[in-house]
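Notes for the one structure printed next.
In my numbering, the protein residues as written are 736 to 1119.
In structure tokens form, the structure reads like this:
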């Protein structure tokens, strides 16, 4: 999505009329302005430009829902400064922008915001909307639901439409919005991001693109989504220290499930999550057994494989197979029937172990938030 408009740019001690375009798919801001026509070699102009301070002000963006205004904006760094080529002119013209009329020499800047949330004054509040509204994005799917939501002490109305969760009603504090983001990420098993925040006439837009990494949902029935979100929000309503710890654990849970990367990398995130939940300096099989409601044998394997991965540099399959062999030396009856041990197909062993671990953590969170329904334990991915 592209947002087009105009701005004033102060550059090299001079103010210029500029055209601006915010690209929400890349998170970058592009600016075009006519540079002075007095004789100056291009190399000298670009050399001056590299060390110059840029200041954007009086930004005005036109949208179908009214004008967006931003008085002054300096919180960015310049990625590129160059003469505008034909492609840049075509890009703005095709995008609906009016290029700088009569400008024979045009400069083009590409800016990267230091912080992704830009705060605008909105010329009008959309008809039928609440004074406060937060929109979040995650891999929810095609759900269409409306339900009440309690965010700490604030009662809100929530609506899911596709991959967007809109929470409206009374204004929310920053910590409450973060609660929503972490809760939605935990339930979706993947990244969640705040897209817009509207408080009266102030509209904040997240210009950074949403991370669309894979997601492994906690739910098995979409009708359970509201209960699960509410469960995590209730969990985050404790002390500041406890909430910070739980959010951190959820962060690693989400990246352990949702990152588009190797299982070996994802499982390290799950182990970090487990250590946060355990709270001790070293994992113990007794504590892990109690925490995840599993046998002592399986808890012992989880602990030993963690040491093999982190301290021994093993892969998942190497760690699992070698530690099972070692544990059986001390306890011949040692067995973990939930995990497929396949020396001929090590990737099968690795995926079986990973999905068993991920499923146990999903079950832990369901129990922790008081959810009694069925959640995704990945058993369908661990069948022989």
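Using N, Cα and C, we set each Cβ at its ideal position, and we do this for glycine too.
Asked	Found
Does DSSP put residue 918 in a helix, in a strand, or in coil?	helix
Using the C-alpha atoms, what's the distance from residue 870 back to residue 904?	12 Å
Apply the 10 Å Cβ neighbour rule to residue 935 and answer buried if 16 or more other Cβ atoms are within range, or exposed otherwise.	exposed
Taking the straight line between their C-alpha atoms, what separation do you get for residue 956 and residue 916?	21 Å
Mark residue 1084 as exposed unless 16 or more other C-beta atoms lie within 10 angstroms of its C-beta, in which case mark it buried.	buried
Leaving out five residues on either side along the sequence, give the residues of the same chain with a beta carbon under 6 Å from the beta carbon of residue 894.	881 and 901
Who pairs with residue 730 in a beta bridge, going by DSSP?	A question about residue 730 goes unanswered here, because the residues of the chain that appear run from 736 up to 1119.
Please confirm if residue 1035 has its CB atom under 8 Å from at least one CB of chain E.	Included in the structure is just one protein chain, with no chain E present.
Residues in its own chain within less than 6 Å of residue 1044 by CB, not counting five upstream and five downstream?	1054
Can you tell me the Cα-Cα spacing of residue 867 and residue 906, whole angstroms?	5 Å
With a threshold of 16 other CB atoms inside 10 Å of the CB of residue 933, please say whether the residue is buried or exposed.	buried
For the alpha helix (DSSP H) that contains residue 965, what are its first and last residues?	960–970
Report the CB separation of residue 812 from residue 746 in whole angstroms; it is logged as a contact under 8 Å.	Actually they do not touch by this definition, with Cβ atoms about 15 Å apart.
Beta-carbon within less than 6 Å of residue 1090's beta-carbon, same chain only, minus the 5 sequence neighbours each way: which residues are those?	1113, 1116 and 1117
Using CA atoms only, rank isn't needed, just tell me which of 1058, 1095 and 963 is closest to residue 1025.	1095
What do you reckon, are the CB atoms on residue 970 and residue 953 nearer than 8 Å?	no
Please name the residue in 1027, 748 and 767 whose C-alpha comes closest to that of residue 755.	767
Quick check: the region 1030–1041 against the region 1055–1072, are there 3 or more CB pairs under 8 Å?	yes
Helix, strand or coil, according to DSSP, for residue 742 in the structure here?	strand
Among the candidates 1074, 942, 988 and 997, whose CA atom is the shortest distance from the CA of residue 1029?	1074
Give the DSSP-derived three-state secondary structure of residue 1074 in the structure shown.	coil
I believe residue 1005 touches residue 991 by the beta-carbon criterion, under 8 Å. Please report the beta-carbon distance rounded to the nearest angstrom.	4 Å
Take the Cβ of residue 836 as the centre, count every other Cβ of all protein chains shown within 10 Å, and call the residue buried at 16 or more, exposed below.	Note that residue 836 scores 49 on pLDDT, short of 50, meaning its location in the model is unreliable; the coordinates nonetheless yield the value given after this. Under this definition residue 836 is an exposed residue.
For residue 832, I'd like the list of residues in its chain whose CB is within less than 7 Å of its CB, leaving aside the five on either flank, ordered along the chain.	Only weak support is given to the placement of residue 832: the predicted model assigns it a pLDDT of 42, under 50, and the value that follows is read from those uncertain coordinates. Correct list, in chain order: 739, 754 and 756.
Could you tell me the alpha carbon to alpha carbon distance between residue 897 and residue 883, rounded to whole angstroms?	18 Å
Given that a residue counts as buried once 16 or more other Cβ atoms are within 10 Å of its Cβ, and exposed if not, what is residue 1007?	buried
Taking only three categories from DSSP, how would you classify residue 843?	strand
Could you round the C-beta distance between residue 921 and residue 967 to whole angstroms and report it? I think they count as a contact, below 8 Å.	5 Å
Within 10 angstroms of its Cβ, does residue 1097 collect 16 or more other Cβ (buried), or is it exposed?	buried
Going by C-alpha to C-alpha distance, which of 1065, 798 and 1099 sits closest to residue 984?	1099
I'd like to know whether the C-beta atoms of residue 848 and residue 929 end up nearer to each other than 8 Å.	no
Measure the C-alpha to C-alpha separation of residue 807 and residue 965 and round it to an integer number of angstroms.	38 Å
What whole-angstrom Cβ distance do residue 792 and residue 743 have, given they're in contact under 8 Å?	5 Å
What would DSSP say about residue 940, mapped onto helix, strand or coil?	strand
If I measure Cβ to Cβ from residue 1105 and keep anything under 7 Å in the same chain, skipping five residues before and after, which residues do I get?	966
Unbroken alpha helix (DSSP H) runs of length 4 or more, entirely within the region 1017–1046: which are they?	1020–1027 and 1031–1045
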